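All remarks here apply to the structure that follows.
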Ligand SMILES: Nc1ncnc2c1ncn2[C@@H]1O[C@H](COP(=O)(O)OP(=O)(O)O)[C@@H](O)[C@H]1O
Ligand SMILES: [Mg+2]
């Protein structure tokens, strides 16, 4: 089924600038994408990683990996309060044999982070091929791999979507975000990314009431998989380098992301490792 799902996205690499990477491993790869900045991608990616790792019942089970593919301006390490002592630029294109494991930052609560370079000039030198190899290695060594991405649909985000089993697209409810998302969904449909592999979620980044999820669904022409509530506590938590998904699991935002995590884990993506899927289903809080 992996092949079917990946195949549905198109048999060819989306650009010719990178060679197809070897097949991924048994880990579930989830890409968080959005045409706009500020729609909550990084917050959602880190909270998903937190909810997956919180469901970790057995220290022998490989941890959750979170890769920051917003190479120039990524802030995943900052969000998790990790010092960037090494990053993805340490993996070069010719180093397929270099274990990605050696450049991961390890969060004490079980998430392994592949950080973006802190210098955008260095980020420019990181090739998509090196990123593809890294993600596929992570899928071999981790149960879940969450990919955060840069705003828009740059080449690396297209690659992330190609590598992912599932793609999550948070949309804020302001008219500009809805308009951009609608246009992006048309592009994604042309590229073959629809239906089973795509989850559009409403993320209420502002305090107003905003449109109902069902109105967003009809404006976008796609089902809405989750409705993430406005949470003033998120910015407070970020200031204190806290992660709501870990430090306040009962919070409505953590709960909503937990349900989304359970949905993502429960999807009959590839029949690759049923034991792993069973563990992932416990991600619901
Ligand atoms: N559901 C939410 N409620 C309130 N604020 C949110 C919510 N989701 C995200 N935010 C805030 O929105 C801002 C942008 O979020 P971020 O995850 O950095 O977006 P992106 O990665 O898409 O640019 C951050 O200050 C974050 O705390
Ligand atoms: Mg971000």
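In our numbering, the protein residues as written are 926 to 1210.
Cβ atoms here follow ideal geometry from the backbone N, Cα and C, with glycine treated the same way.
Nothing here was measured: the structure is a model prediction, and the numbers come from that model.
Not one heavy atom of ligand 2 falls within 6 Å of the beta-carbon of residue 1104. Counted as a single uninterrupted DSSP element, the beta strand (DSSP E) harbouring residue 956 occupies residues 953-957. Rounded to the nearest angstrom, the gap between the Cα atoms of residue 956 and residue 1051 is 19 Å.
Non-local C-beta neighbours of residue 1032 in its own chain, meaning closer than 7 Å and more than five positions away in sequence, comprise 1005, 1007, 1038, ordered along the chain. The residues 993, 1041, in chain order, have a CB closer than 6 Å to that of residue 999 in the same chain once the five nearest residues on each side in sequence are set aside. Non-local C-beta neighbours of residue 974 in its own chain, meaning closer than 6 Å and more than five positions away in sequence, comprise 989, 991, 1036, 1071, ordered along the chain. In the structure shown, the three-state DSSP call for residue 1168 is coil. Below 8 Å, enough C-beta pairs join the stretch 1089-1103 and the stretch 1126-1136 to call them touching: three or more. Judged by DSSP in its simplified three-state form, residue 1141 adopts helix.
The Cβ atoms of residue 958 and residue 1147 lie no closer than 7 Å to each other.
The beta carbon of residue 966 sits closer than 6 Å to at least one heavy atom of ligand 2. Each residue's CA atom was taken as its position, placing residue 1183 and residue 979 some 10 Å apart. In this structure, residue 1163 has its beta carbon less than 6 Å from a heavy atom of ligand 1. Residue 1181 and residue 1047 have their C-alpha atoms spaced approximately 36 Å apart.
From the listed residues 1055, 1074, 1162, 1126, the smallest Cα separation to residue 997 is found for 1074. Relative to the non-hydrogen atoms of ligand 1, the Cβ of residue 957 never comes closer than 6 Å to any of them. Residue 1047 has no beta-bridge partner at all, per DSSP. Secondary structure at residue 1108: helix, using DSSP grouped into helix, strand and coil. Residue 1037 sits in a strand when the DSSP states are folded into three classes. Within the stretch 1058-1118, the runs of beta strand (DSSP E) at least 3 residues long that lie entirely inside it are, in chain order, 1069-1074, 1091-1096.
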